[in-house]
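Visitor: The listed protein sequences derive, respectively, from chains A and B.
Note that the first sequence ends on residue 460 in full-length UniProt numbering; no numbers are left out.
Note that the second sequence ends on residue 460 in full-length UniProt numbering; no numbers are left out.
Number of protein chains: 2
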Amino acid sequence: MGQIEGLSQRQAGQIGNETSGLSGGGDSNRNPIRLGLLGAGTVGSEVARLLTEQRDELEQRIGRPVEISKIACRHPENVSASWIDTSLLTTDTEYVATHSDIVVELIGGLEPARTLVLNALNSGASVVTANKALLAKYGPEIYRTAEENGVDIYFEAAVGGAIPLIRPLRESLAGDKVTSVLGILNGTTNYILDEMTTKGLDFEVALKDAQDKGYAEADPTGDVEGEDAANKAAIVASLAFHTPVSIDDVAMEGITLITADDIALATAEGKVIKLLAVVANAENGVSARVYPALIPNDHPLASVHGSFNAAFVHAQAADDLMLYGRGAGGAPTASAVMGDIVTVARHIVQGSTGQQISVYGHLPKAPLSSSHAAFAVRFCVCDRPGILAAISKTFADHGVSINGINQDLKPTPHNPGYSGELQTLRVVTHQCSEITLRETVDQVCKFDFVIGKPSILREM
Amino acid sequence: MGQIEGLSQRQAGQIGNETSGLSGGGDSNRNPIRLGLLGAGTVGSEVARLLTEQRDELEQRIGRPVEISKIACRHPENVSASWIDTSLLTTDTEYVATHSDIVVELIGGLEPARTLVLNALNSGASVVTANKALLAKYGPEIYRTAEENGVDIYFEAAVGGAIPLIRPLRESLAGDKVTSVLGILNGTTNYILDEMTTKGLDFEVALKDAQDKGYAEADPTGDVEGEDAANKAAIVASLAFHTPVSIDDVAMEGITLITADDIALATAEGKVIKLLAVVANAENGVSARVYPALIPNDHPLASVHGSFNAAFVHAQAADDLMLYGRGAGGAPTASAVMGDIVTVARHIVQGSTGQQISVYGHLPKAPLSSSHAAFAVRFCVCDRPGILAAISKTFADHGVSINGINQDLKPTPHNPGYSGELQTLRVVTHQCSEITLRETVDQVCKFDFVIGKPSILREM
Numbered sequence: 001m002g003q004i005e006g007l008s009q010r011q012a013g014q015i016g017n018e019t020s021g022l023s024g025g026g027d028s029n030r031n032p033i034r035l036g037l038l039g040a041g042t043v044g045s046e047v048a049r050l051l052t053e054q055r056d057e058l059e060q061r062i063g064r065p066v067e068i069s070k071i072a073c074r075h076p077e078n079v080s081a082s083w084i085d086t087s088l089l090t091t092d093t094e095y096v097a098t099h100s101d102i103v104v105e106l107i108g109g110l111e112p113a114r115t116l117v118l119n120a121l122n123s124g125a126s127v128v129t130a131n132k133a134l135l136a137k138y139g140p141e142i143y144r145t146a147e148e149n150g151v152d153i154y155f156e157a158a159v160g161g162a163i164p165l166i167r168p169l170r171e172s173l174a175g176d177k178v179t180s181v182l183g184i185l186n187g188t189t190n191y192i193l194d195e196m197t198t199k200g201l202d203f204e205v206a207l208k209d210a211q212d213k214g215y216a217e218a219d220p221t222g223d224v225e226g227e228d229a230a231n232k233a234a235i236v237a238s239l240a241f242h243t244p245v246s247i248d249d250v251a252m253e254g255i256t257l258i259t260a261d262d263i264a265l266a267t268a269e270g271k272v273i274k275l276l277a278v279v280a281n282a283e284n285g286v287s288a289r290v291y292p293a294l295i296p297n298d299h300p301l302a303s304v305h306g307s308f309n310a311a312f313v314h315a316q317a318a319d320d321l322m323l324y325g326r327g328a329g330g331a332p333t334a335s336a337v338m339g340d341i342v343t344v345a346r347h348i349v350q351g352s353t354g355q356q357i358s359v360y361g362h363l364p365k366a367p368l369s370s371s372h373a374a375f376a377v378r379f380c381v382c383d384r385p386g387i388l389a390a391i392s393k394t395f396a397d398h399g400v401s402i403n404g405i406n407q408d409l410k411p412t413p414h415n416p417g418y419s420g421e422l423q424t425l426r427v428v429t430h431q432c433s434e435i436t437l438r439e440t441v442d443q444v445c446k447f448d449f450v451i452g453k454p455s456i457l458r459e460m
Numbered sequence: 001m002g003q004i005e006g007l008s009q010r011q012a013g014q015i016g017n018e019t020s021g022l023s024g025g026g027d028s029n030r031n032p033i034r035l036g037l038l039g040a041g042t043v044g045s046e047v048a049r050l051l052t053e054q055r056d057e058l059e060q061r062i063g064r065p066v067e068i069s070k071i072a073c074r075h076p077e078n079v080s081a082s083w084i085d086t087s088l089l090t091t092d093t094e095y096v097a098t099h100s101d102i103v104v105e106l107i108g109g110l111e112p113a114r115t116l117v118l119n120a121l122n123s124g125a126s127v128v129t130a131n132k133a134l135l136a137k138y139g140p141e142i143y144r145t146a147e148e149n150g151v152d153i154y155f156e157a158a159v160g161g162a163i164p165l166i167r168p169l170r171e172s173l174a175g176d177k178v179t180s181v182l183g184i185l186n187g188t189t190n191y192i193l194d195e196m197t198t199k200g201l202d203f204e205v206a207l208k209d210a211q212d213k214g215y216a217e218a219d220p221t222g223d224v225e226g227e228d229a230a231n232k233a234a235i236v237a238s239l240a241f242h243t244p245v246s247i248d249d250v251a252m253e254g255i256t257l258i259t260a261d262d263i264a265l266a267t268a269e270g271k272v273i274k275l276l277a278v279v280a281n282a283e284n285g286v287s288a289r290v291y292p293a294l295i296p297n298d299h300p301l302a303s304v305h306g307s308f309n310a311a312f313v314h315a316q317a318a319d320d321l322m323l324y325g326r327g328a329g330g331a332p333t334a335s336a337v338m339g340d341i342v343t344v345a346r347h348i349v350q351g352s353t354g355q356q357i358s359v360y361g362h363l364p365k366a367p368l369s370s371s372h373a374a375f376a377v378r379f380c381v382c383d384r385p386g387i388l389a390a391i392s393k394t395f396a397d398h399g400v401s402i403n404g405i406n407q408d409l410k411p412t413p414h415n416p417g418y419s420g421e422l423q424t425l426r427v428v429t430h431q432c433s434e435i436t437l438r439e440t441v442d443q444v445c446k447f448d449f450v451i452g453k454p455s456i457l458r459e460m
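1) When burial is assigned at 16 or more other CB atoms within 10 Å of the CB, is Gln-14 of chain B buried or exposed?
2) Using the beta-carbon of each residue, which ones in chain B are nearer than 9 Å to Ser-303 of chain A?
3) Please confirm whether Leu-38 of chain B and Val-79 of chain B have their CB atoms less than 9 Å apart.
4) Can you name, in chain order, every residue of its own chain whose Cβ lies under 6 Å from the Cβ of Ala-136 of chain A, other than the five neighbours on each side?
5) Using 9 Å as the limit for Cβ to Cβ distance, is Arg-438 of chain B near chain A?
6) Does the CB of Ser-352 of chain A have a neighbour CB from chain B at under 9 Å?
7) What are the start and end residues of the alpha helix (DSSP H) that includes His-242 of chain B?
8) Rounded to whole angstroms, what's the CA-CA distance from Phe-203 of chain B to Thr-259 of chain A? Just pull it up for me.
9) I need the straight-line Cα distance from Leu-193 of chain B to Lys-274 of chain B, nearest angstrom please.
10) To which residues of the same chain is Gly-183 of chain B closer than 6 Å at the C-beta, ignoring the five residues directly before and after it?
11) Inspect the beta-carbon positions of Ala-334 of chain B and Leu-35 of chain B and report whether they are closer than 9 Å.
12) Any beta carbon from chain B within less than 9 Å of Leu-173 of chain A's own beta carbon?
13) Can you list, in chain order, the residues of its chain with a C-beta nearer than 8 Å to that of Gly-285 of chain A? Leave out the 5 residues immediately preceding and following it.
14) Bridge partners for Gln-423 of chain A per DSSP, in chain order?
15) Among all the DSSP beta bridges, which residues are the ones paired with Glu-67 of chain A?
16) I think Ala-216 of chain B touches Thr-188 of chain B, with their Cβ atoms under 8 Å apart; what is that distance to the nearest whole Å?
17) Taking CB distances under 9 Å as the criterion, tell me whether Gly-24 of chain A reaches chain B.
18) Does the distance from the C-beta atom of Ile-341 of chain A to that of Leu-321 of chain B stay below 9 Å?
19) At the 9 Å Cβ level, is Glu-283 of chain B part of the contact set with chain A, yes or no?
20) Under a CB-based cut-off of 9 Å, is Pro-454 of chain B close to chain A?
21) Looking at C-alpha atoms only, which residue of A:Cys-432, A:Tyr-360 and A:Thr-436 is the closest neighbour of Ala-373 of chain A?
22) Compare the C-beta of Pro-168 of chain B with all C-beta atoms of chain A and state if any pair is closer than 9 Å.
23) Can you look up Asn-284 of chain A in the DSSP assignment and give me helix, strand or coil?
24) Residues of chain A with a CB under 8 Å from the CB of residue 510 of chain B: which are they?
25) Comparing alpha-carbon positions, which option in B:Pro-385, B:His-398 and B:Val-359 lies nearest Ile-142 of chain B?
26) Given that a residue counts as buried once 16 or more other Cβ atoms are within 10 Å of its Cβ, and exposed if not, what is Asn-186 of chain B?
27) Any beta carbon of chain B sitting closer than 9 Å to that of Val-286 of chain A?
28) Give every residue of the same chain whose Cβ lies closer than 6 Å to the Cβ of Gly-404 of chain A, excluding the five residues on either side of it in the sequence, and list them in chain order.
29) By the 9 Å beta-carbon criterion, what residues does the segment 84-118 of chain A contribute toward chain B?
30) Just reading off the alpha helix (DSSP H) that Ile-62 of chain A is part of, what are its end residues?
31) Spatial neighbours of Leu-388 of chain A within its chain, please: C-beta separation below 8 Å, excluding the five flanking residues on both sides.
32) With 7 Å as the limit, tell me which residues of the segment 317-328 of chain B have their beta carbon closer than that to any beta carbon of chain A; keep them in chain order.
33) With DSSP run on the structure shown, which of helix, strand or coil describes Ser-126 of chain A?
34) Any idea which residues DSSP pairs Ser-401 of chain B with across the strands?
35) By the DSSP assignment, the beta strand (DSSP E) with Lys-453 of chain A in it spans what residues?
Okay, here's the thing in structure tokens:
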């Protein structure tokens with residue numbers, strides 16, 4: 001018998017309590033709910049602050065007080081937030097994971113987070129986490145472990161910070177059929193692309209600027225290569241399509257090859273470049289991808305600026321929805337974590353759990369060969385005659401139909417590998433097979449007049 | 001002992017079943033959940049279609065099948081949807097309300113909806129409703145009745161159609177402090193204002209056009225006078241601030257006095273006019289209002305067009321959020337209803353309920369005297385000397401500081417009450433007390449050179 005139909009461990013355990021509470025009038029169910037915090041960084045200490053400051057109000061909303069029982073972190077001596085009772089601090093993460101009613105995991109990364117979360121769930125605790133990498137890799141294992149133990153796993157903060165996205169996918173749209181989600185889910189790249197657009201900066205300059213301002217990390221790889229957005233795409237796809245999608249299933253391209261020229265050409269066409277996480281459920285199966293795309297200015301996603309995030313959801317009955325807000329930062333992330341804590345705590349009071357994450361489906365993964373789009377490919381080429389003819393012929397030979405070519409840009413400056421005049425040449429295609437497009441581009445890159453790597457943008 | 005802490009009626013009832021299911025392996029909990037539908041109009045028949053078409057998938061998500069047991073409507077003979085089994089149709093609403101596990105109320109209006117919903121809750125059924133008028137008037141009574149009976153009341157579709165707004169307020173932001181919600185929550189007025197803006201139409205013409213196209217009802221009063229939005233504001237305020245706010249607490253102004261001149265002046269200033277539902281929790285207490293406002297073009301709400309709806313939420317930790325989507329229509333509304341049905345059905349399978357609507361607070365209602373804003377007041381005046389001086393003096397006498405005056409508009413044509421030349425004169429104030437502003441405007445209207453009623457717009 002599956003867990004859904006049967007009684008969960010917690011329900012079985014709770015019933016005794018609740019029933020004796022009812023019949024004997026005992027006050028066992030007024031005991032505080034013990035919350036163990038794993039991690040006392042920006043988000044962790046903000047969560048601790050909100051739990052402390054809103055203690056009375058939360059008790060009213062939940063029906064029982066929620067009390068921080070322990071806070072585990074690597075360096076308790078560095079925790080300085082005035083509202084944190086230092087006697088709660090410990091380095092013993094394993095103890096906290098297995099001696100709490102609710103475990104809030106804010107450590108991040110794969111290990112020890114995975115082991116701690118699984119141990120917490122197996123100990124009968126519900127888990128609230130903001131850990132996107134963990135869920136993108138081990139989501140199905142974690143969701144199953146929660147269900148087997150009759151406890152909750154909630155993770156609104158893992159995707160889009162304070163934006164209610166996970167809950168709508170998990171619950172509001174549970175009776176509808178989501179066909180696609182287009183998300184701007186990485187604030188760092190959105191900030192960099194915004195700076196490139198408004199200030200005409202090249203990628204490296206904008207990145208340096210973002211690092212100086214603290215919007216990008218010293219090692220920005222995870223953001224600019226698309227991995228962060230890909231993690232979120234995997235989580236969203238699993239939820240939206242009820243089928244397990246892992247980070248390993250997500251095809252990703254980052255924004256490192258995008259230049260000021262790409263931006264200028266987009267602007268001239270009334271478009272902006274955004275790094276999109278796109279998950280879709282179409283005839284050929286489920287797909288999850290991250291790529292830079294050209295978005296028309298009048299699309300709602302085009303006006304998502306700076307470090308804001310947004311998800312544009314299409315569902316069969318609901319039609320278009322957009323959910324927009326702060327995708328990162330201590331306070332917004334803490335807000336999402338707090339919402340999950342309240343939900344999970346109420347379930348504990350009720351002896352129930354929320355909707356389990358149903359990844360029961362086994363929809364096929366769409367093959368790359370099914371991917372079709374219109375593309376804009378920008379090459380950097382030496383300035384000499386015959387280049388246009390050679391490139392056009394290569395596209396024609398592959399059957400990729402060209403919609404337009406721009407070559408009237410000013411010469412591209414500063415290329416360390418070449419001392420002559422360089423020029424930007426950009427080919428915009430009609431809808432074509434992505435595989436064929438990439439073969440075509442590889443072929444073009446074999447010409448000795450092509451310098452460096454081309455940028456490939458997809459039309460939305 | 002309160003219901004929150006104790007076992008709900010349903011939990012107490014379910015435990016026996018579930019336990020025997022575990023120990024004896026009986027299949028009682030595989031029985032279909034009986035869903036009674038009240039209303040078979042556009043939304044009702046769409047819900048019936050989705051329940052039928054997605055039957056197997058819903059059973060997987062819920063853990064038990066959901067079966068339409070009865071559909072009550074006034075004229076069963078008029079129901080023609082091919083997917084509706086006519087043997088389920090009845091006119092006996094009371095029977096359906098009291099003989100179902102889930103009652104979906106899509107009749108609308110105050111009575112008999114209120115009685116049916118209360119009877120359903122008291123019979124132990126959970127209720128899903130899209131009835132904004134009902135909840136705006138009797139929300140606290142209905143929420144309390146649900147809580148007392150240990151059953152669910154869900155109503156995502158009552159505000160903003162398919163937009164997940166109720167659930168984020170009820171759950172995602174439950175650990176945060178919502179300070180304001182600014183909503184475009186009425187599609188009809190948004191469509192009319194959009195048409196006035198893009199086509200330069202006057203209100204009456206745009207309304208007629210909307211009626212011809214089916215976007216406005218034959219009697220448009222409820223939409224254009226702001227009552228529909230006010231109902232939604234009351235529901236949102238109650239949820240956001242955990243304090244009972246009724247439709248009777250909502251101050252409302254509609255859009256009937258807005259002219260093409262108002263729109264042209266707004267456009268010239270880089271602004272749009274939108275009918276806003278604004279709820280706020282400030283120092284002076286809780287307020288809920290509906291009024292036409294001037295919104296700068298670069299605000300996310302400015303680009304909410306046509307029949308789309310959006311809510312711009314500010315919470316202390318989450319900062320700004322915007323939730324956007326289809327605010328009306330059969331399919332989008334049905335999507336929201338379906339999401340609620342799945343949630344409520346899962347709770348039935350689990351023997352639990354969702355977060356009850358906690359309107360435990362008793363925050364004071366902000367007095368009108370605490371309302372301050374900058375206003376733009378447009379008068380229609382006879383074209384003769386001394387008018388500007390007289391109006392300016394009246395504003396000065398009341399201590400209302402003027403930020404600017406426009407009077408260079410072309411003469412206003414066609415005024416049935418006056419045969420001479422008319423002119424538009426518009427006064428933009430600095431921040432001032434709303435009461436003083438209205439006294440000032442009343443005073444100005446006593447001048448014999450003022451024709452008709454002025455329009456009063458608030459700067460956002």
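Glycine included, C-beta positions come from ideal geometry on N, C-alpha and C.
Note that this is a predicted model, so its numbers are computed, not measured.
Guide: Looking at the coordinates:
1) Its pLDDT being 40, under 50, Gln-14 of chain B is placed unreliably in this model, and the value from its coordinates should be taken loosely. Buried.
2) Going along chain B in sequence order, the residues near Ser-303 of chain A (Cβ under 9 Å) are Asp-298, Pro-300 and Ser-303.
3) With contacts defined as CB atoms closer than 9 Å, Leu-38 of chain B and Val-79 of chain B fail to qualify as a contacting pair.
4) So the list reads Asn-231, Ala-234, Ile-235 and Ile-247, once near-sequence residues are dropped.
5) Cβ-Cβ to chain A under 9 Å: no for Arg-438 of chain B.
6) Answer yes: the Cβ-Cβ gap between Ser-352 of chain A and chain B drops below 9 Å somewhere.
7) Counting along the chain, no alpha helix (DSSP H) covers His-242 of chain B, and no H or E run does either.
8) Straight-line Cα distance between these residues: approximately 48 Å.
9) Computed Cα separation, rounded: 7 Å.
10) Short of 6 Å from the beta carbon of Gly-183 of chain B, and not among the five residues preceding or following it, lie these beta carbons of its own chain, in chain order: Ala-277 and Ala-311.
11) In this structure, Leu-35 of chain B does not lie closer than 9 Å to Ala-334 of chain B by Cβ.
12) It does: the Cβ of Leu-173 of chain A has a partner Cβ on chain B nearer than 9 Å.
13) Excluding sequence neighbours, Gly-285 of chain A sits near Leu-363, Pro-364, Lys-365, Ala-366, Pro-367 and Ser-370.
14) BP columns for Gln-423 of chain A point to A:Val-381.
15) Note: Glu-67 of chain A sits in a beta bridge opposite A:Arg-34.
16) At roughly 5 Å, the Cβ-Cβ gap stays under 8 Å, so Ala-216 of chain B and Thr-188 of chain B are in contact.
17) Low confidence applies here, because Gly-24 of chain A scores a pLDDT of 32, under 50, leaving its location unreliable; read the following figure in that light. No, its Cβ sits nowhere closer than 9 Å to a Cβ of chain B.
18) No; because the gap between Cβ atoms is not below 9 Å, this pair is not in contact.
19) No, Glu-283 of chain B does not count as interfacial toward chain A.
20) No - not a single Cβ of chain A is within 9 Å of the one on Pro-454 of chain B.
21) The shortest Cα separation from Ala-373 of chain A among A:Cys-432, A:Tyr-360 and A:Thr-436 belongs to A:Cys-432.
22) Judged by the 9 Å Cβ criterion, Pro-168 of chain B is in contact with chain A.
23) Asn-284 of chain A falls in the coil class under three-state DSSP.
24) The requested residue 510 of chain B does not occur in the structure, where chain B is confined to residues 1 to 460.
25) Among B:Pro-385, B:His-398 and B:Val-359, the Cα nearest to that of Ile-142 of chain B is on B:Val-359.
26) Buried: at least 16 other Cβ atoms inside 10 Å.
27) Interface with chain B (9 Å Cβ-Cβ cutoff): Val-286 of chain A is excluded.
28) Excluding residues within five positions, the ones whose Cβ falls inside 6 Å are Val-428.
29) Here the close residues number zero.
30) Residues 55-62.
31) Listed in chain order, the non-local C-beta contacts of Leu-388 of chain A below 8 Å within the same chain comprise Ile-405, Gln-407 and Leu-425, local neighbours out to five positions each way being set aside.
32) Here the close residues are Ala-317, Ala-318, Asp-319, Asp-320, Leu-321, Met-322, Leu-323, Tyr-324, Gly-325 and Arg-326.
33) Correct three-state label for Ser-126 of chain A: strand.
34) In the DSSP assignment, no residue is bridged to Ser-401 of chain B.
35) Secondary structure note for Lys-453 of chain A: its beta strand (DSSP E) is the uninterrupted segment 450-459.
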